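S.K.: Next up is a structure, given as structure tokens.
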Amino acid sequence: MEVDEGAVEMVSIARAGLDDKVDRYRYPRPGRPNARSEPCVATFRGGGGDGGGGGAGLLRDPVVRRLRGELQVRALFPWAEYIPRIGWMPDGKSVWMQLLDRPQQRYVLIHVPLTLFTAEGESAFGRVTVLFEDTSDYWINVTDISYFFKPQNGVAEFIWSSERTGYRHLYYVVCPLESDDTPGPLAFPGRRVRQITSGPWQVVDNSIWVDEGKQLVYFIGKKDNPLENHLYVTSYATTDLAAAATEFAPAESDYPTPAASEPPDRSQLLTEPGFSHSIRMDASSRFFVATSSSVESRPRSTLFRIALHHASPAAESPRAPTVSTSVSTTATSNARTGERSPARAAAAAATSPSLQQYQQPVSLRGRKHSLQDA
């Protein structure tokens, strides 16, 4: 990302202390020019050595490509002030960007092929596609919740979050890329949006984990208690939304979604009530570590293995994940009380024979599952 602060005014702020010195900073006061951001793509050639026999690889012949002319972000979206989030699509052939206005009441999510980034003298081809958009009368909270599937057959699929119902929830979006007939560099295709979670509670702004093989998404939420963070799982499986482009609804039809029309929520709780949990999950979505605490208990770290059990045909959900404990340790470190540190507790669990007996799976629901001090 290339940022230009040249138009931002300098502001003088007095230093703390008795002297009369001041520090000068660039600060965009309301109504004054802001910094300008432009996405760029840099390519290099990998070298085979440093020429001195050291064998270190060098990057040579750098070429910086950018969006030019009518393809610049400010040209396509004159109201856009910030690019708060940007990332690669899984196929590495395009990028996605979130654009936000200065009052932070409107944003769009766009898809940009790499063929639109050019160096001097090169020609661009392709179009920018608007994947998702949202507005608010008050404030849009920018989050890190996003998951993009690898585009297939010219269709983008992703999981995004929105507070359009008054609570932050997950949405599964399917959008064709560059499929409309509108002339110009911008494409506004119809899209299909399905709400994954719902209800008077919110998904926490944290990582989400997706098991594509089982079509499950794991997330942190406050469904059962607004004072506690818990791990939940739900299925995003549905009929093939990308079966035919003609079935896509107009772009504006996906919002706003009245809360009264929300689908029933089928998220399943995976962590123990009565505690607030911080979660780290592995890439396979088979194991996670929960660091749990409450006002009445010290933090503890527990390693869980996720066991999936297929529900009966009469059940509402096609999959009913359950959790079993693989390893459980006391997690808090406090030198004054002699409690074990997370690292020492984990090492003890891995090496101490007295703790091996607790490594067999133990049901999570309805019982305490931390290791007792040996």
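If you're matching positions, the sequence shown starts at 154 in our numbering and goes up one per residue. Even for Gly, the Cβ is constructed at its ideal location relative to N, Cα and C. It should be emphasised that the depicted structure is a prediction, and the values quoted were computed from it without experimental measurement.
(1) According to DSSP, simplified to helix, strand and coil, what is L508?
(2) Please state if the CB of L323 and the CB of T149 are separated by a distance shorter than 9 Å.
(3) In or out: V480 buried (at least 16 other Cβ within 10 Å) or exposed?
(4) Return the residue from the list L330, G337, A340 and F441 that minimises the CA-CA distance to Y385.
(5) Taking all protein chains shown into account, do 16 or more other C-beta atoms lie within 10 angstroms of the C-beta of P215, making it buried, or fewer, making it exposed?
(6) Say whether the region 361-376 touches the region 428-439, bearing in mind that this needs 3 or more beta-carbon pairs closer than 8 Å, one atom from each stretch.
(7) Would F311 and W354 qualify as a contact pair, given that the criterion is a beta-carbon distance under 9 Å?
(8) Helix, strand or coil for T535, going by three-state DSSP, please let me know.
(9) Start and end of the alpha helix (DSSP H) containing A228?
(10) Going by C-alpha distance, which of G170, V175, P231 and V156 is nearest M163?
(11) Judging by CA-CA distance, which residue of V448, D377 and F230 is the nearest neighbour of P426?
(12) Check each candidate in V265, P342, E234 and T424 and name the one with the smallest Cα separation from R189.
(13) Using DSSP with H/G/I as helix, E/B as strand and the rest coil, what is E275?
(14) Give me the Cα-Cα distance between R177 and D157, rounded to the nearest whole angstrom.
(15) When the Cα atoms are used, what is the spatial distance from D254 to V265?
(16) Just to check, is the beta-carbon of Y260 closer than 8 Å to a non-hydrogen atom of the ligand FMN?
(17) Quick check on this structure: which residue in V194, V161, Y291 and D173 has the alpha carbon closest to the alpha carbon of P186?
(18) Grab me the residues of P417's own chain with a C-beta within less than 8 Å of its C-beta, minus the 5 sequence neighbours each way, in chain order.
(19) What's the gap between the Cα of Q348 and the Cα of P304?
(20) Excluding sequence positions up to five away, which residues of its chain have a Cβ less than 6 Å from the Cβ of E223?
(21) Is the region 287-302 touching the region 267-278, taking contact as three or more C-beta pairs under 8 Å?
(22) Of all Cβ atoms in chain D, is any one closer than 9 Å to the Cβ of W241?
(23) Based on DSSP bridge pairs, tell me the residues matched to E234.
(24) With DSSP as the reference, label T296 as helix, strand or coil.
(25) Taking S420 as part of the beta strand (DSSP E), name the residues at either end of that continuous run.
(26) Any idea which residues DSSP pairs Q305 with across the strands?
(27) Tell me where the beta strand (DSSP E) around T288 begins and ends.
(28) Assign E155 to one of three DSSP states: helix, strand, or coil.
(29) Hey, out of S247, P231 and T318, whose CA is closest to F301's CA?
(30) Would you kindly report the start and end of the unbroken beta strand (DSSP E) that includes L330?
(31) Are V357 and G374 close, meaning C-beta to C-beta below 9 Å?
(32) So, are the CB atoms of S276 and E316 less than 9 Å apart?
(33) Can you give the Cα-Cα distance for R280 and E155, rounded to whole angstroms?
(34) By the 10 Å Cβ neighbour count, where 16 or more other Cβ atoms means buried, how is S445 classified, buried or exposed?
M.R.: Put simply:
(1) The residue you call residue 508 lines up with position 355 of the sequence shown. Model confidence at L508 stands at a pLDDT of 24, short of 50, so the residue's coordinates are unreliable and nothing is read from them.
(2) Residue 149 is absent from the model: the chain starts at 154 and stops at 527.
(3) Here residue 480 corresponds to residue number 327 of the sequence shown, with the count starting at 1. Low local confidence applies: a pLDDT of 31 at V480 is under 50, so the model's placement there is unreliable, and no value is given.
(4) The residue given as residue 385 occupies position 232 in the sequence shown. F441 is the residue among L330, G337, A340 and F441 whose C-alpha sits nearest the C-alpha of Y385.
(5) Taking the sequence shown and counting its residues from 1, one reaches residue 215 at position 62. By the Cβ-count criterion, P215 is exposed, with fewer than 16 other Cβ atoms from all chains shown falling within 10 Å of its own Cβ.
(6) The region 361-376 vs the region 428-439: in contact.
(7) Locating residue 311 in the sequence shown gives position 158, where the first residue counts as 1. Locating residue 354 in the sequence shown gives position 201, where the first residue counts as 1. No, these two residues do not count as a Cβ contact at 9 Å.
(8) Shown here, the chain extends from 154 to 527; a query on residue 535 therefore has no answer.
(9) Against the sequence shown, residue 228 aligns to sequence position 75. Note, A228: alpha helix (DSSP H), V226 to L229.
(10) The sequence position of residue 163 within the sequence shown is 10, counting from 1. Residue V175 is the option with its Cα nearest to M163.
(11) Stepping through the sequence shown from its first residue, residue 426 is reached at position 273. If you compare the alpha carbons of V448, D377 and F230 with that of P426, the shortest gap goes to D377.
(12) By 1-based counting over the sequence shown, the position of residue 189 is 36. Distance check between R189 and each of V265, P342, E234 and T424 places E234 closest, using alpha-carbon atoms only.
(13) Counting from 1 along the sequence shown, the entry for residue 275 is found at position 122. Note: E275 maps to coil in three-state DSSP.
(14) Stepping through the sequence shown from its first residue, residue 177 is reached at position 24. Stepping through the sequence shown from its first residue, residue 157 is reached at position 4. Rounded to the nearest angstrom, the two C-alpha atoms are 17 Å apart.
(15) The residue labelled residue 254 in the question sits at position 101 within the sequence shown. The residue labelled residue 265 in the question sits at position 112 within the sequence shown. If you take the alpha carbons of D254 and V265, they lie about 19 Å apart.
(16) Only the bare structure without any ligand can be found here, which leaves the ligand FMN out of the picture.
(17) The residue given as residue 186 occupies position 33 in the sequence shown. Considering only alpha carbons, the answer is V161.
(18) On the sequence shown, position 264 is the one that residue 417 refers to. Correct list, in chain order: S351.
(19) Locating residue 348 in the sequence shown gives position 195, counting from the first residue. Locating residue 304 in the sequence shown gives position 151, counting from the first residue. Rounded to the nearest whole angstrom, the C-alpha separation of Q348 and P304 is 20 Å.
(20) By 1-based counting over the sequence shown, the position of residue 223 is 70. Cβ within range, chain order: P338.
(21) No, the region 287-302 is not in contact with the region 267-278.
(22) Among the chains of the structure shown, chain D does not appear; only one protein chain is present.
(23) As a first step, residue 234 must be located in the sequence shown, where it is residue number 81. In the DSSP assignment, no residue is bridged to E234.
(24) In the sequence shown, residue 296 corresponds to position 143, counting from 1. Residue state, collapsed to three classes: coil.
(25) Residue 420 sits at position 267 when you count from the first residue of the sequence shown. Neither: S420 is in no beta strand (DSSP E) and is coded neither H nor E.
(26) Taking the sequence shown and counting its residues from 1, one reaches residue 305 at position 152. Per DSSP, the beta bridge partners of Q305 are V308.
(27) Position 135 of the sequence shown holds residue 288. Where T288 is concerned, the enclosing beta strand (DSSP E) stretches over V281 to T288.
(28) Numbered from its first residue, the sequence shown carries residue 155 at position 2. Here E155 carries a strand assignment [DSSP, helix/strand/coil].
(29) Locating residue 301 in the sequence shown gives position 148, counting from the first residue. Among S247, P231 and T318, the Cα nearest to that of F301 belongs to S247.
(30) For the purposes of this step, residue 330 is identified with residue 177 of the sequence shown, where counting begins at 1. For L330, there is no enclosing beta strand (DSSP E), as DSSP gives it neither H nor E.
(31) Within the sequence shown, the letter at position 204 stands for residue 357. Within the sequence shown, the letter at position 221 stands for residue 374. At the C-beta level, V357 and G374 come within 9 Å of one another.
(32) Counting from one through the sequence shown, the residue named residue 276 turns up at place 123. Counting from one through the sequence shown, the residue named residue 316 turns up at place 163. Not in contact: S276 and E316 (Cβ atoms no closer than 9 Å).
(33) Here the question's residue 280 lines up with position 127 in the sequence shown. Here the question's residue 155 lines up with position 2 in the sequence shown. One C-alpha to the other measures close to 21 Å.
(34) By one-based count along the sequence shown, residue 445 stands at place 292. Classification for S445: buried.
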